[in-house]
Amino acid sequence: MNIEQTKVKIKCSVSGCNNQSNYTIVNKKFVFDGNFYLCEGCLKNLYSMLGGVLVPKSPTPVYKKRSKDE
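Right, here's the structure in full:
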């Protein structure tokens with residue numbers, strides 16, 4: 548999957564949004580057009596929602612790693 552700038556004029560794929568898309572999520576695994584078109588507003592909204600769900604795990608401090616080895 549890749550995120551690319553839209554090369555064609557097409558509306559956003561999000562239901563209820565009638566803006567023109569600026570970005571395309573390209574999925575080359577589909578035989579048919581598996582692209583998902585997003586305007587800039589919907590892309591920013593998706594980014595903020597994903598940030599709330601996919602929180603990166605913080606690394607284990609070095610002093611805790613050493614205490615487990617001993």
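The opening position of the sequence shown corresponds to residue 548 in this note's numbering, with each subsequent residue numbered one higher. For glycine and all other residues, C-beta sits at the position ideal for the given N, C-alpha and C. Predicted model, so just to flag it, every value in this text is computed and none were measured.
**Message:** DSSP has residue 558 in a bridge; who is on the other side?
**Reply:** 567
**Contact under 8 Å by Cβ, residue 589 with residue 567** = no
**Item:** Option nearest residue 602 by Cα separation, candidates 553, 594, 557
**Value:** 594
**Request:** Specify the secondary structure class of residue 597 as computed by DSSP and reduced to three states.
**Result:** helix
**Asked** Going by the beta-carbon positions, is the gap between residue 581 and residue 574 smaller than 8 Å?
**Response** yes
**Prompt:** Among 604, 584, 606, 605, which one has its Cα closest to the Cα of residue 510?
**Reply:** Outside the shown range of the chain (548 to 617) lies residue 510, about which nothing can therefore be said.
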